[in-house]
Amino acid sequence: MLIPRRSSKTTSIVAVMLGRCAMREEYLVGFTLATTGAKARTRFRQDIAAPLARLYPDPETRPFVIRLAAGSEGIYWPETGSAFTVLTPSGDSFRSDALDAVVIDESGEASPELGEDLMAGARATQDTRPDGQMVIAGTAPAYRDGNLLFDTLKDGRAEVPRVGIVEYSAPEPVTAEDYADWEVMREMTLKAHPGIGTLTTLDTIEDRWRQYRERPQSYLREYLSIPGMVGQAGQLFDYEQWMLNAKPGAFPTPPANAALAVSVHPDRLSASAVVAWRQDSKACVLVMKNAPGINWLTDYAGALATRKRVPIVHDNKGEVLVIVERLKRLNPRPLLKPRGYKDVLTATALFMTEVETGNVRHWNQDELNAGIKATVRRSHRGSVLFGRALDADDITTVEAAALALHAYDAQPVKRPLPRMIAS
1 MLIPRRSSKT TSIVAVMLGR CAMREEYLVG FTLATTGAKA RTRFRQDIAA PLARLYPDPE
61 TRPFVIRLAA GSEGIYWPET GSAFTVLTPS GDSFRSDALD AVVIDESGEA SPELGEDLMA
121 GARATQDTRP DGQMVIAGTA PAYRDGNLLF DTLKDGRAEV PRVGIVEYSA PEPVTAEDYA
181 DWEVMREMTL KAHPGIGTLT TLDTIEDRWR QYRERPQSYL REYLSIPGMV GQAGQLFDYE
241 QWMLNAKPGA FPTPPANAAL AVSVHPDRLS ASAVVAWRQD SKACVLVMKN APGINWLTDY
301 AGALATRKRV PIVHDNKGEV LVIVERLKRL NPRPLLKPRG YKDVLTATAL FMTEVETGNV
361 RHWNQDELNA GIKATVRRSH RGSVLFGRAL DADDITTVEA AALALHAYDA QPVKRPLPRM
421 IAS
């Protein structure tokens, strides 16, 4: 169940489970939060036990028994032999039990290790219980691959047998222009949030939208159920943050002083030519061409550099040197600017910072978007470089973009000559 905040998903799930315990013989439910045991116990005391105690103020006439002692929190039905117990978020806390239903709330908060441990312990509890049910619920997580909630959601979308989903979410991606326009976000939020008009108000949600103006990913996760992509499988960039900076419309004409850089896949599978510049301090990147192979790059980059009268920036190591040797034989020969290891480190850090802070502008090009998705963290001598999870992944657009932006920022500032007056 992937549902936004303030939609009563936990209350609804718990109500169903309590009803089953009241009506069925020996129905056993295990409830936990994929955060901490303390938070699971607090949630039980405040949101489950307290309302039931108010509804049945006399313990002697209640049809159930509420236990609040630390470590044995739960609700028990003497007549049916059923029980709703609170468990700590650990596989070990499940392994000694047999349960008809397992509820893992806030499952999007689980680390990959915790999610795997919880599922390993919880599945075994239903080996001897026919028609066992496991409920994985929460709001959109900060990352995707290896996330307990998102992995289960993917299974449901793929119609894996015995997996069903309840999903309220907005379509992806949401651009920066979309997010800046409340009318657009209003329609999107109304369609994705089932709690508006019953549990919360549209005015309250609009207030949240304004409060999250500087952190749009938080609003997208909490109220539109769009998962983030932070740290996913070593992924370096948050793709949702990247897409928020996509600029719609036709591709621009780069300014005359835009920097040009090229990059070549280490297996010569593909290559890219990218230009970068700044506008109103925003880092602007535009892929001029990305294509399979490398033989096309010599003539293309040489002609582009000659026409625009700009140098070609490149790494001074790797397969790109094959192209460099060919460029040197062109007539006219373009100006070449190699970048060493320290420059590459600086370019990498600069590009990462601009993306992380939202200080980047791009034009939603598929080649660049795919490169952002495929770029993973690669550590080298204590520093971070761009890497690829699979050897065939193409991140040449990202590598060239970083080099081009660094080269643009390194250009000397042109100042007007002082006026000379003869008398």
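Following the working numbering, the numbering of the sequence shown begins with 1 at its first residue and continues without gaps. Quick reminder that beta carbons are idealized off the backbone N, C-alpha and C, glycines included.
(1) Quick one, which of Thr42, Trp77, Gly318, Leu87 has its alpha-carbon nearest Arg20's?
(2) Ignoring anything shorter than 3 residues or poking outside the stretch 314-351, list the beta strand (DSSP E) runs there in chain order.
(3) Would you call the CB atoms of His314 and Leu350 closer than 7 Å?
(4) How many whole angstroms separate the CB atoms of Val262 and Ile312, which I take to be in contact at a CB cut-off of 8 Å?
(5) Hey, Met17 and Val103 are a contact pair by Cβ (cut 8 Å); roughly how many whole angstroms apart?
(6) What residues in its chain sit with their C-beta under 7 Å from that of Tyr56, if we drop five residues either side in the sequence?
(7) How about Arg268 and Ile294: do their beta carbons lie closer than 7 Å?
(8) Look up Ala233 in the DSSP assignment and say whether it is helix, strand or coil.
(9) Taking Leu224 as the reference, give the member of Gly195, Gln235, Phe251 with the closest Cα.
(10) Can you tell me the Cα-Cα spacing of Glu356 and Asp105, whole angstroms?
(11) With a cut-off of 8 Å on the beta carbons, I'd call Asn359 and Lys282 a contact; round off their distance for me.
(12) Only counting the same chain, and skipping five residues up and downstream in sequence, which positions put a Cβ closer than 8 Å to that of Gly156?
(13) Per DSSP, which residues does Pro292 bridge with? Please list them.
(14) To the nearest angstrom, how far is it from the Cα of Ala98 to the Cα of Glu172?
(15) Using 8 Å as the cut-off, can you tell me whether the stretch 357-376 makes contact with the stretch 328-340, which would need three or more C-beta pairs spanning the two stretches below that distance?
(16) Tell me which residues share the same chain as Leu202 and place their Cβ nearer than 6 Å to its Cβ, disregarding the 5 neighbours each side in the sequence.
(17) Please classify Arg123: does DSSP put it in a helix, a strand, or coil?
(18) Residues in its own chain within less than 6 Å of Ala40 by CB, not counting five upstream and five downstream?
(19) Does DSSP classify Thr36 as helix, strand or coil?
(20) Taking the Cβ atom as the reference point for each residue, do Arg6 and Thr200 lie within a distance shorter than 7 Å?
(21) In terms of DSSP beta bridges, what is Ser263 paired with?
(22) Using the Cα positions of Pro255 and His193, report the straight-line distance between them to the nearest angstrom.
(23) Starting from Gln211 and walking both ways along the beta strand (DSSP E), at which residues does that stretch end?
(24) Using only the alpha-carbon positions, how far apart do Ala180 and Pro59 sit?
(25) For Val184, name the three-state secondary structure that DSSP assigns.
(26) For Glu206 and Thr139, which I take to be in contact (beta-carbon distance under 8 Å), what is that distance rounded to the nearest angstrom?
(27) What do you reckon, are the CB atoms on Thr375 and Leu244 nearer than 7 Å?
(28) Could you name the residues of the same chain whose beta carbon sits closer than 7 Å to that of Ala276, not counting the 5 residues immediately before and after it, in chain order?
(29) Tell me the rounded alpha-carbon separation between Phe64 and Gln211.
(30) Any idea what DSSP makes of Ala98, helix, strand or coil?
(31) Using only alpha-carbon positions, find the residue among Val398, Trp209, Val320, Ala392 that is nearest to Ala347.
(32) Please report the residue range of the alpha helix (DSSP H) in which Thr396 lies.
(33) By the three-class DSSP mapping on this structure, what secondary structure does Tyr76 have?
(34) Pick helix, strand or coil for Gly115, following the three-state DSSP scheme.
(35) State the Cα-Cα distance for the pair Ala110 and Ile372, rounded to the nearest angstrom.
Result, derived from the coordinates:
(1) Trp77
(2) 336-339
(3) no
(4) 6 Å
(5) 6 Å
(6) Arg62
(7) yes
(8) With a pLDDT of 48 at Ala233, under the threshold of 50, the modelled position of that residue is not reliable, and no figure is offered here.
(9) Gly195
(10) 30 Å
(11) 6 Å
(12) Val163, Gly164, Ile165, Glu167
(13) Ser270
(14) 40 Å
(15) no
(16) Ile196
(17) helix
(18) Thr32, Leu33, Val86
(19) coil
(20) yes
(21) Ser272
(22) 43 Å
(23) Careful: Gln211 lies outside any beta strand (DSSP E), inside the alpha helix (DSSP H) at 202-211.
(24) 53 Å
(25) helix
(26) That pair is no contact at about 19 Å.
(27) no
(28) Ala258, Ala259, Ala283, Cys284, Val285, Ala401, Ala404, Leu405, Tyr408
(29) 43 Å
(30) coil
(31) Val398
(32) 396-409
(33) strand
(34) helix
(35) 25 Å
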